[in-house]
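A quick write-up on the structure given underneath.
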Amino acid sequence: MPTSPAHATHEPCFAPPTRVAAAHGARRPRSLAQAAWLRGSLFAAVLVAGVATTASAWTAGRTSLGTASTSAGETDASPHAPAAAGLGQSRVMPYPVEMVWPTAVRYLRVDRHFTIVDRDPDAGFILFDLPVGDDGRTARGSVEIFATKDAAGRPSASVQITTDGGPVHLPHALLDGIADKLRRERGQPGAPPPKPPGPKPSQKPKQPGPDPDGPPSEPPQDPTPPSQDDGGDDSLIVDG
497 MPTSPAHATH
507 EPCFAPPTRV
517 AAAHGARRPR
527 SLAQAAWLRG
537 SLFAAVLVAG
547 VATTASAWTA
557 GRTSLGTAST
567 SAGETDASPH
577 APAAAGLGQS
587 RVMPYPVEMV
597 WPTAVRYLRV
607 DRHFTIVDRD
617 PDAGFILFDL
627 PVGDDGRTAR
637 GSVEIFATKD
647 AAGRPSASVQ
657 ITTDGGPVHL
667 PHALLDGIAD
677 KLRRERGQPG
687 APPPKPPGPK
697 PSQKPKQPGP
707 DPDGPPSEPP
717 QDPTPPSQDD
727 GGDDSLIVDG
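Quick note, the sequence shown lines up with residues 497 to 736 if you use this note's numbering.
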């Protein structure tokens with residue numbers, strides 16, 4: 497039976513199953529490649545996000561540490577903080593602490609025109625500020641005083657001065673100024689205490705002498721025997 501034109505026209509619309517499967521099979525490799533690319537892109541995005549999170553956390557931690565360091569620095573710079581480790585000198589002055597303490601305060605405040613920030617006679621420290629330039633900058637200094645004795649045994653005061661700015665010779669110059677002021681106002685230091693008497697030298701025992709109540713001792717004998725004068729040798733006389 498001959499095929500009508502209508503059937504000939506619609507025949508390509510009914511493709512065999514093998515042809516459809518072949519068409520789907522040709523597109524399958526492309527789908528797998530796309531899936532692998534999507535998985536790689538997702539992994540890269542997660543990795544980038546993790547790195548960004550770590551960097552943000554590190555930056556935040558560094559900022560917090562910097563803030564803590566700044567806070568600590570502000571705390572150290574308080575008016576009652578001692579002088580930072582810098583230039584220092586110490587000296588033993590042969591005057592009691594009761595004389596050295598007020599003299600040191602007057603010297604710093606009146607003679608040097610320094611600003612006394614804090615002082616405590618019981619703890620033995622003085623904090624002061626000193627100018628270090630023409631632009632109004634200041635440095636911090638401290639004086640520590642405690643009782644001791646000098647090499648001669650006199651009641652004395654150990655004075656230590658520390659500054660965190662200013663000339664290198666400043667602590668030494670301040671000690672000289674306090675010592676000079678003490679001599680002008682208090683006079684020369686007192687005499688050292690007398691040394692304790694030392695042990696008496698031991699006396700040698702006397703040699704034992706003769707007992708006056710005992711029997712008289714025999715006179716010493718001459719160890720040399722007396723010489724005998726025999727008038728010559730008789731054996732040499734020859735009868736005439």
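Heads up, the beta-carbon is just placed ideally off N, CA and C, and yes, glycines get one too. Computed from a predicted structure; not experimentally measured.
Relative to glutamine 585, the option among Leu604, Arg680, Thr658 and Gln684 whose CA is nearest is Thr658. Taking 9 Å as the cut-off, the beta carbon of aspartate 672 is found no closer than this to the beta carbon of valine 588.
Nearest to arginine 605 by C-alpha distance, out of Ser652, Gly649, Val639 and Arg680, is Val639. Residue range 583 to 589 is occupied by the beta strand (DSSP E) that includes valine 588. The count of Cβ pairs closer than 8 Å, one atom from the segment 621 to 640 and one from the segment 654 to 668, reaches three, so the stretches are in contact. Nearest to aspartate 614 by C-alpha distance, out of Ile622, Arg608 and Asp607, is Ile622. Sequence-distant partners of proline 689 (beyond 5 residues in either direction) whose C-beta falls short of 6 Å from its own C-beta, in its chain, are Gly649.
Taken through DSSP and simplified to helix, strand or coil, lysine 677 comes out as helix.
Separation of lysine 677 and proline 685 (C-alpha to C-alpha, rounded to the nearest whole angstrom) is 12 Å. Spanning the alpha carbons of leucine 626 and alanine 687 requires a straight line of approximately 36 Å. Burial check for phenylalanine 624: the Cβ neighbour count within 10 Å reaches 16 or more, so the residue is buried.
Just measuring C-alpha positions, the residue of Gly620, Asp660 and Asp607 sitting nearest alanine 643 is Gly620. DSSP places valine 606 outside any alpha helix (DSSP H), giving it a letter other than H or E.
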